[in-house]
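Going line by line, the protein sequences match chains A and B. Residues -8 to 134 (the numbering used here) are what the first sequence spells out, left to right. Residues 3 to 440 (the numbering used here) are what the second sequence spells out, left to right. Ideal placement from N, C-alpha and C gives every residue a C-beta, glycine not left out. From a predicted model like this one, the values you see are computed outputs, not experimental measurements. Written below as structure tokens is the structure these notes are about.
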Amino acid sequence: MGAPVCLEYRIEGNDFMVAGAASNNIKNTLKMLGIASDICRRVAIITYESEINLVIHAGGGILQAIISEDHVDLVAKDEGPGIPDISKAMIEGYSTATEEAREMGFGAGMGLPNIKRNCDEFDIESTIGKGTTLKCVVYFPQN
Amino acid sequence: MLHSVKISREACQGCVNCIKVCPVEAIRVVDGEISIMGELCIDCGECLRSCHRQALGIEEDDWNRIKESSRVTLIPDPVFFSQFSHYNDPAQLVDVLQSLDFNLLIDELEEAFDLCSYASAQMISRTPASQLPLISSYCPSVLRLIQSRFPELLPRVVHVCSPLELAADLWRMRTNTTAPVTLLAPCSSKITMKREPQGREQSPIEQAVTVRRVARSIMASNVSPAPSHTPRERNGRWVQWARRGGEAKHIQAFSDKKLTMLAVSGMRNTLDVLQELELGRLRSVDFIECRICDTGCVGGIGTADSRFLANLRLNNMKTNWEITPKDLRRVEGLYAMDFWMVTKEFSPRPRLPLSDNVADAMVKLQQMKEIYSGLPHIDCGSCGRPSCQAMAEEIVRGHGSVTDCIFKLREGISSLANKIVTLSESQPQTLKRRGGSN
Ligand code: SF4
Ligand code: SF4
């Protein structure tokens, strides 16, 4: 087993124009490793939604992808306001996004449910006033 | 993978304009030789637009030779009818070409484009909402881009052959001739379609020349249409495919319900829309028409006239979008014949990974990251690669060395120079005592 490849990105808050660059980068890295394209797409969706969440809700944060031989760990960490009610946030269509974000077409409340649908393991921890940490795992099937 | 961009090595001066603009990073200049990586090139022609020395061109057949043969059969791309300021009616131009003894497959084209639109409309209405939107297969560069960058989207590409090829099929079916057919193509991309068919085993088109070449040769011949003769009325729907949105409109004309369609043109918009689609962000859209060239095929690299003027002319052209019962009967008959469907799947063409084995690829990826961190990160292109990242990748793939980077080379020379200075200051053994303090 080789050492895992660690990719880390600092995502700035409220910068809608660049959202998507990190997820694109992670997807391309997986492709270079020869990971099946449908797995790459799932990871791209998870990381893109996380990126958007960091941008619109959290005032920025860190996005990490730690790639091992048979899976990838994805972590999105922020020191934002936190999520008061996680079970509510997991309902499709529920959103606390600002007016501005909604005007730009983001924050339709699809983010977290979409992330959950696309990963194999999902864990979210949040403390009001301290921030949120989202952890996901996606496994690479053996070919 | 074939492509139709031709390189003239003598004309190339080694500037890096083309390397920098190629959207898929397919061009390299190594050892003073420009080369295009065929497996990456999507024939979009961006490199041609950037070259000021005509070192890049379109690989086309020899029009001077073709036009000498008797009764040449032509399939003009819709763009062709937007290129002449003095023939404002396509039917007039058809007359002119016929008076020059060219056989134009106009009736077949009209039918083939109707057939494609009808088939696409049928496919959209039969596809479950969760699997919409479908994507147009018309622009061969877009198809290639999907095959290499967005293979996950391939099942969404409509499984309909190019209407240009279908027109040739129709003609052959009806006349049973084997005489060659020549395509007047607006771009390198449609020329590649003939050379390396997609979705079918063999192309029914034998030769391809650019619209530019033929339009200029006709303008030079100075023929005018016979004034007495009134040309046949045509619906002109298919000619509108040359502009952005023409295909979408045509499909709508054959659809019973109002469709939600996006029509995007230009490289940047195409990449963006495909990426958004891949991320699952385009729900409630039924169909996406993508064209690699700005404003649609009128912006093709092999056209003769300004894309703005051409667009304007098409806009002013009379077009009949109403489908008559006769049109419908005709298209339903053709649809039932099934020959319009692709017979070979559009296959994915992903980029080669760093290694066949994930563990091995991970080791190479680490090496790549290390090499990259040592490079200057300014993507200047003087190593002959489009970016520092691409350079790092080539080194681990074994196609280059760190000293191809001129900054690394200079660093190497300067450290060597320092070593020489140090060496030059050290004294020979026999003199050491005299020079030393003790
Ligand atoms: S045609 Fe397009 S893809 Fe091919 S080398 Fe030129 S710029 Fe690159
Ligand atoms: S948009 Fe039209 S002209 Fe441009 S590459 Fe595609 S098919 Fe050719």
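Classify N44 of chain A as buried or exposed, calling it buried when 16 or more other Cβ atoms lie within 10 Å of its own Cβ. buried
Applying a beta-carbon distance threshold of less than 7 Å, which residues of chain B neighbour R1 of chain A? Those do not exist, as R1 of chain A stays about 16 Å from chain B at its closest Cβ, beyond 7 Å.
Alpha helix (DSSP H) containing C390 of chain B: first to last residue? 390 to 398
Buried or exposed (CB count within 10 angstroms, at least 16 for buried), W173 of chain B: buried
So, L117 of chain B versus W342 of chain B, is the Cβ gap smaller than 7 Å? yes
Does any residue of chain B have a CB that is nearer than 7 Å to the CB of V(-4) of chain A? yes
For the stretch 339 to 355 of chain B, enumerate the residues whose C-beta is nearer than 8 Å to any C-beta of chain A, in chain order. P350, P352, R353, P355
Under 7 Å (Cβ pairs) to chain A, residues found in the stretch 280 to 295 of chain B: E280, L281, G282
Distance cutoff 7 Å, beta carbons only. Does N60 of chain A sit that close to anything in chain B? Looking at the sequence provided, one finds Glu at residue 60 of chain A rather than Asn. So yes, E60 of chain A belongs to the interface.
Ligand 2 heavy atom lying under 6 Å from the CB of S119 of chain B: no
In the DSSP assignment, find the unbroken alpha helix (DSSP H) run with Q94 of chain B in it and report its ends. 92 to 101
Does chain A have any CB closer than 7 Å to the CB of L367 of chain B? Chain A, which has a Cβ nearer than 7 Å to the Cβ of L367 of chain B, makes this yes.
In chain order, what are the residues with a CB under 5 Å from some non-hydrogen atom of ligand 2? B:C141, B:S143, B:P188, B:C189, B:S191, B:R293, B:I294, B:C295, B:C299, B:G302
Mind checking which residues open and close the beta strand (DSSP E) that includes P78 of chain B? 75 to 78
Check: G59 of chain B C-beta below 6 Å from any heavy atom of ligand 1: no
Could you work out which residues of chain A lie near E154 of chain B, taking near to mean beta carbons separated by less than 7 Å? S28, D29, R32
Assuming S190 of chain B contacts V7 of chain B under a Cβ cut-off of 8 Å, what Cβ separation, rounded to an integer in Å, is found between them? 6 Å
Meets three-Cβ-pair contact criterion under 8 Å: the stretch 108 to 127 of chain B and the stretch 11 to 26 of chain B: no
Name, please, each residue of chain A whose Cβ falls closer than 8 Å to the Cβ of A363 of chain B. By Cβ distance, chain A contributes M23, L24, G25.
If we ignore side chains and look at the alpha-carbon of each, how far apart do L24 of chain A and C385 of chain B end up? 25 Å
Output, in sequence order along the chain, the residues in the stretch 36 to 56 of chain A whose CB is closer than 9 Å to any CB in chain B. I36, Y39, E40
Beta carbons nearer than 7 Å to chain E: which residues of the stretch 380 to 397 of chain B have them? Protein chains in the displayed structure are A and B, and chain E is not among them.
Taking the alpha carbon of I44 of chain B as the reference point, which residue from B:I193, B:Q133, B:K251 has its own alpha carbon closest? B:I193
Per-residue burial, P165 of chain B [other beta carbons within 10 Å of its own, 16 or more giving buried]: buried
Classification of K259 of chain B by the beta-carbon crowding that lies within 10 angstroms, buried from 16 upward: exposed
Just to confirm before moving on: does the CB-CB distance between P188 of chain B and V81 of chain B stay below 7 Å? yes
In the DSSP assignment, what residue or residues form a beta bridge with Q55 of chain A? DSSP, once it has assigned bridges, lists A:E(-1), A:V66 as partnering Q55 of chain A.
Quick check for students: name the residue ranges of the alpha helix (DSSP H) that lie wholly in the stretch 160 to 211 of chain B, counting only runs of 4 or more. 165 to 177, 190 to 197
On the DSSP letters alone, give me the boundaries of the beta strand (DSSP E) that Y374 of chain B sits inside. Element bounds for Y374 of chain B: not the beta strand (DSSP E) but the alpha helix (DSSP H), 360 to 376.
Span of the alpha helix (DSSP H), counted from its first residue to its last, around T272 of chain B: 269 to 280
Starting from G122 of chain A and walking both ways along the beta strand (DSSP E), at which residues does that stretch end? Counting along the chain, the unbroken beta strand (DSSP E) around G122 of chain A starts and ends at 122 to 130.
Within-7 Å CB hit, V360 of chain B to chain A: yes
Nearest to S41 of chain A by alpha carbon, out of A:I119, A:K107, A:P132? Check the Cα spacing between S41 of chain A and each of A:I119, A:K107, A:P132: the tightest is with A:K107.
Which one or two residues does DSSP pair with V31 of chain B in a beta bridge? B:I36
Using a 10 Å radius around the Cβ and a threshold of 16 neighbouring Cβ atoms, would you call N178 of chain B buried or exposed? exposed
Does the separation of the CB atoms of S122 of chain B and V162 of chain B fall below 7 Å? Remark: C-beta atoms of S122 of chain B and V162 of chain B approach each other more closely than 7 Å.
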